[in-house]
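Read in order, the letters of the sequence shown are residues 237 to 458 in my numbering.
Positions of the beta carbon are idealized from the N, C-alpha and C atoms, including for glycine.
These notes concern the structure reproduced below.
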Amino acid sequence: MSFELDSLHRDVPDVDLLADIQRVASQRGGAKLTWRAYSEAGSYGAETIRKRFGSWNAALSRAGLAVGKRWRVPEVELLENIGEVWTRLGRQPRRDDLAKHSSRFSGPTYEQRFGSWRRALEAFVAFANENDPIHQATRDRAASSRPSTPRQPSLRLRFKVMRRDNFACSRCGASPARRIGVELHVDHVVPWSKGGETLLDNLATLCSKCNLGKSDLRSHEA
């Protein structure tokens, strides 16, 4: 009986590693592939792949496969997701809403990170209420003919505008909390192209219909 060492696979091209991931996924009959499943049938070590691409999910993405469960999602991403769901609903989301309204993360994810769904909401409210450094620093320069703020409001600022406007269109009053399918936007009162700053008092909540009508009106005026 002879003993042989496995190859280290240090110089295997990325394309070969990715092709092997795709091969195993194809054999398993689906677009998803877990770390454990690859470890059982792959030609290379799953740890080798993780080190090469930075993470197992990054390797799956490079191979064109669906990413499964994410580990240690950045807290700000979790909080921004709450803001997206809250905005979509037009009201404070409940834990059960995460499974019904295209949330990127599940209730258990929030419970594991924050201890409970209530604590996750409290963390989001604190996050949303923080001052945005960019918009604070530029308020004194808002009278300039050229905007000193970015054209697109941050998620934090968008949420503040919608909360101020009670998550309803400032023109027609439409709200996703009262009618399914209503989509809310945040737009400038004085257009950014005409020197309007991206600040709370120059932003308004509009439903998609009113925002489209506003754009049509501007094109006719031009």
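So for residue i, helix, strand or coil by DSSP?
i: C443; result: strand
i: L325; result: helix
i: V422; result: strand
i: Y280; result: coil
i: S352; result: coil
i: I285; result: helix
i: V248; result: coil
i: P344; result: helix
i: G319; result: helix
Quick one: Cα of residue i to Cα of residue j, how far?
i: T270; j: N293; result: 9 angstroms
i: L253; j: L420; result: 44 angstroms
i: E433; j: P383; result: 5 angstroms
i: G278; j: A302; result: 17 angstroms
i: A335; j: G343; result: 8 angstroms
i: S444; j: S275; result: 48 angstroms
i: C446; j: S406; result: 9 angstroms
i: A282; j: K268; result: 15 angstroms
i: L448; j: S262; result: 45 angstroms
i: P386; j: L439; result: 13 angstroms
i: K396; j: L296; result: 36 angstroms
i: D401; j: S429; result: 24 angstroms
i: P427; j: V248; result: 54 angstroms
i: Q388; j: L435; result: 10 angstroms
Using 8 angstroms as the threshold, is the C-beta distance between residue i and residue j below it?
i: R394; j: V425; result: no
i: F403; j: R327; result: yes
i: R349; j: L314; result: yes
i: F341; j: V309; result: yes
i: I318; j: A362; result: no
i: A339; j: V312; result: According to the sequence shown, residue 339 is Ser rather than Ala. Result no, Cβ atoms of S339 and V312 do not sit closer than 8 angstroms.
i: A288; j: D250; result: Looking at the sequence itself, residue 288 is Arg, so the reference to Ala does not match. Yes, these two residues count as a Cβ contact at 8 angstroms.
Who are the Cβ neighbours of residue i in its own chain at under 7 angstroms, not counting the five residues just before and after it?
i: D256; result: G278, S279 and Y280
i: V418; result: A410, S411, P412 and C443
i: W353; result: R331, G343, Y346 and E347
i: A299; result: L254, I257 and Q258
With a threshold of 8 angstroms between beta carbons, is residue i in contact with chain C?
i: R286; result: Of the protein chains in the structure, only one exists, and it is not chain C.
CB-CB under 8 angstroms to residue i, same chain, minus the five flanking residues each way: which ones, in chain order?
i: D332; result: G343
i: R399; result: A364
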